[in-house]
Each structure stands twice: as structure tokens, then as C-alpha cells.
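Encoded as C-alpha cells, the structure appears first; notes follow it.
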Amino acid sequence: MAYNLLKGKKGIIFGALNEQSIAWKVAQRCVAEGAEIVLTNSPLALRMGELNKLAEECNAPVIPADVTSNEDVTNLITKSMEHFGGGVDFILHSIGMSVNVRKNIHYTENNYEFTHKGFDISALSFHRVMQIAMKLDAVNEWGSILALTYIAAQRVFPDYNDMADNKAYLESIARNFGYQYGVKKHVRVNTISQSPTRTTAGNGVKGFDGFVNYAEKMSPLGNADADQCADYVVTLFSDLTRMVTMQNLFHDGGFSFTGVTQSVIEQMEK
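Take the position in the sequence shown, starting the count at 1, then add 1005; the result is the number in the working numbering.
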């Protein structure tokens, strides 16, 4: 069911790769709620993924951008403003990558060149996008900017590796840039800490099935899926949440505030 929560709004969606992607679901939901969007991903991801399929469905242009490049991000935002004939009302940052995770390098043995690359793509890119958007005056007053994160930013999940560090920095950027953007133009900046979700990136984490199963047993409501996350994102892009900013918002079925559940106790006693 659609509620026209984003009627007349315009936005940029980073990170949709295929139908498993949370960003893919968000794009569909935003359009269903009345928004117009621009889709973007790295040139490599565009070759590997299925973004043109989503673009056709959403009647949205695709503008490639390497988020580690100031030039690419500037081009993306400039062309998006030209396409819309003005500023945007929302931006979703749904980007994460760790070479250390992909190559199964243990956290204590991280290759620092790989660490720097993952840090730049997964976290620093959020600052870069907002810095350039602010310089270009690209986000309309009372706009909303979101990034996706995970509770490993605050709790130890050994196999999440250096992505945990990246997510911790991502959340810090949201707070600090959120203050600056709020003062300057009433733009709100938040992160959503989502349940473990079966995306292409998630499936690359060692022991991911264990993550999912454990979180399901530890969450009073169960794990939130990608479609439910898209619903939540839409509310945060809408005018109904104008006074929510600088927050890390848990969307995890209650996992983040549950010490232990009966099902976990029973499992341990077997």
C-alpha cells in the first residue's frame, strides 16, 4: 500500500546492485510513494549488476560514480540537479566493501592497503557526498540523508572484520556532519542499523548464516528484511520525521536491546 509520503520529492539512491540490495528495495518504495530518483553505483558495479533493469522500472536515469573520486561525485550531483531542475530532497548511502573480508584476511592480520580502500568506499565516501552536496547547495531545506550501518559498529562480531571500524566511523560522520548540515540548512542526517540482511555484500561475510540465525533467535520481533527496511527509510525521507537527526536508528526487531532470549537459552542447554 502506498501513502504518497514522498509525493513531489526527488532523491539520489547509491548502491543498488541487484534485487537482493536494500537500496534496490528503497528505490522501488520511493517511486511507489511518489518520488523521482536518480540511481548511481560504481562503474564496476554497473557492469556486474542489474541496475538498468531497476532504472527502467523506476523511470530513473543511471549516473555512474566512483565514490572515492571527488570529480565523479561532483559530476553525479551536478547532473542530478540538472535532471531534476533543482535540488534533491533525499540521499541514500547504501555502500560498503571490505577487501580484507573478501580475501578472508583475519582482523588481526589486516592488509592496510585493503583497509584504506574499504574505509574510503564504506565510510569516508559518506563525508565526501555530503561535503560536495553542501558546496553545490544540492539538498533542499529540510532534506534527509541516510546511510545504512550495522550493530557491529558498537558490539564485537569477530568475522565482521574491518567493516566494523568502517561502520563506526560512518556513524560518527552522520553525527558530526548532521550537526553542521542541520545548522546550515535544516538538513537531517541519520544512520539505520539494520538486521543482518541477505544481500550480496552480507553474504560475503564469513559465518553470515550464523549471524542471521542468531539474530533471529535474539530478536523479539525477528529479523527485519530488506522490504521492511525500505519502508523505514521512506518514513525518514518523508516530512513526518523532520526533527529526527544525528541518530543511529536501530531497525532490527529489538535485537540491539535484548540481553538474551528464551530460545537462545534453550539452544545453549541442548
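All C-beta atoms in this analysis are idealised placements derived from N, C-alpha and C, irrespective of residue type, glycine included.
Bear in mind that the values here come from a model prediction, so they are computed numbers and not experimental data.
Query - Beta-carbon separation (whole angstroms), residue 1143 vs residue 1086, contact threshold 8 Å - result: 6 Å
Query raised in the report: So residue 1017 is in the beta strand (DSSP E); what residue range does that whole segment cover?
Result: 1015 to 1019
Requested in this report: Report yes or no: do the region 1230 to 1238 and the region 1018 to 1032 share at least 3 C-beta pairs separated by less than 8 Å?
Outcome: yes
Report task. Reducing DSSP to helix, strand and coil, say where residue 1181 ends up. Result -> helix
Query raised in the report: Secondary structure at residue 1159, three-state DSSP: helix, strand or coil?
Result: coil
**Report entry** Inter-stretch contact at 8 Å, needing at least 3 Cβ pairs: the region 1110 to 1122 / the region 1042 to 1050
**Finding:** no
Report task. Take residue 1014 and list the residues in its own chain whose beta-carbon comes closer than 6 Å to its own, dropping the five residues that flank it on each side. Result -> 1040 and 1094
Query raised in the report: Between the Cα of residue 1157 and the Cα atoms of 1190, 1018 and 1255, which residue gives the shortest distance?
Result: 1255
Requested in this report: Could you tell me whether the Cβ atoms of residue 1069 and residue 1060 are closer together than 8 Å?
Outcome: no
Query - 3 or more residues per run - each beta strand (DSSP E) lying fully within the region 1031 to 1068 - result: 1041 to 1045
Query raised in the report: Can you name the start and end residues of the beta strand (DSSP E) that residue 1203 belongs to?
Result: From DSSP, residue 1203 is part of no beta strand (DSSP E); its letter is neither H nor E.
Query raised in the report: Within 10 angstroms of its Cβ, does residue 1201 collect 16 or more other Cβ (buried), or is it exposed?
Result: buried
Query - Limits of the alpha helix (DSSP H) - the one that residue 1096 falls within - result: Not the alpha helix (DSSP H): residue 1096 falls in the beta strand (DSSP E), residues 1093 to 1098.
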